[in-house]
Amino acid sequence: MRNFRNLRGSHAWGGEGYNTYWLLRVVGSLLLAYVVTGVYSCDELRYSGWGQRAAATVEQATPSLGTGRYDLPGVQVTYRFVDAAGVAQRGGATYPVGSTIAVGDQVEVVYILHEKFSDRPVALRRAWAAMVFLGLTLLVAAGVALLGFNVARDIREMERKDRARKARP
1126 MRNFRNLRGS HAWGGEGYNT YWLLRVVGSL LLAYVVTGVY SCDELRYSGW GQRAAATVEQ
1186 ATPSLGTGRY DLPGVQVTYR FVDAAGVAQR GGATYPVGST IAVGDQVEVV YILHEKFSDR
1246 PVALRRAWAA MVFLGLTLLV AAGVALLGFN VARDIREMER KDRARKARP
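Residue numbers (this note's numbering): 1126 to 1294.
Okay, here's the thing in structure tokens:
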């Protein structure tokens, strides 16, 4: 059984195996990017379809160096808002470095009604993921169409050769 290391070919700059190895790496990377951006896109779609907006008041804004495992450098903000059902909610987010947010400022948040901890600032949307997902979807569709075209062309070529072979005496 061949493993991926054997697909590299006999020397560094040529061979069918070498091309197959790099093709598998590129396709694997694109597949991973497709899945990750797909997850973010579904999240964006959920907020776009069912999300409601509200004005929130910043209660605390603290600069952070991002020293923890999942902490990002920036400004950690805690805010409070009232949702459409009249329930006071509290949330927080980390804004990028250089954000000028102070205590008492108003920030717009989007949340999903009747779902705890679903709030996030509108300014921190991940619309880029939807764009990448759409681009990768179009790339995959174009690849499938090209593959289908090549297969159909090969079938027509084989049928033509078969007719020519049968027509000869």
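Glycine included, C-beta positions come from ideal geometry on N, C-alpha and C.
Less than 9 Å between the C-beta atoms of residue i and residue j, yes or no?
i            : j            : result
residue 1172 : residue 1265 : no
residue 1242 : residue 1211 : no
residue 1162 : residue 1254 : yes
residue 1246 : residue 1276 : no
Report back the beta-carbon spacing between residue i and residue j to the nearest angstrom; my notes put them in contact at under 8 Å.
i            : j            : result
residue 1214 : residue 1244 : 6 Å
residue 1200 : residue 1182 : Incorrect: roughly 16 Å between the Cβ atoms, too far for contact.
residue 1204 : residue 1234 : 7 Å
residue 1206 : residue 1186 : That belief does not hold up - the Cβ atoms of residue 1206 and residue 1186 are roughly 15 Å apart, past 8 Å.
residue 1267 : residue 1238 : Contact flag wrong, Cβ pair sits at about 39 Å.
residue 1198 : residue 1228 : About 20 Å; that fails the 8 Å criterion.
residue 1155 : residue 1261 : 7 Å
Take the Cβ of residue i as the centre, count every other Cβ of all protein chains shown within 10 Å, and call the residue buried at 16 or more, exposed below.
i            : result
residue 1166 : buried
residue 1176 : buried
residue 1258 : buried
residue 1232 : buried
Give me whichever residues DSSP pairs with residue i in a beta bridge.
i            : result
residue 1216 : 1204
residue 1183 : 1204
residue 1189 : 1199
residue 1176 : 1237
(message) Which runs of the beta strand (DSSP E) at least 3 residues long sit entirely within the region 1229 to 1259? Give them in chain order.
(response) Here the runs fully enclosed are 1231 to 1237.
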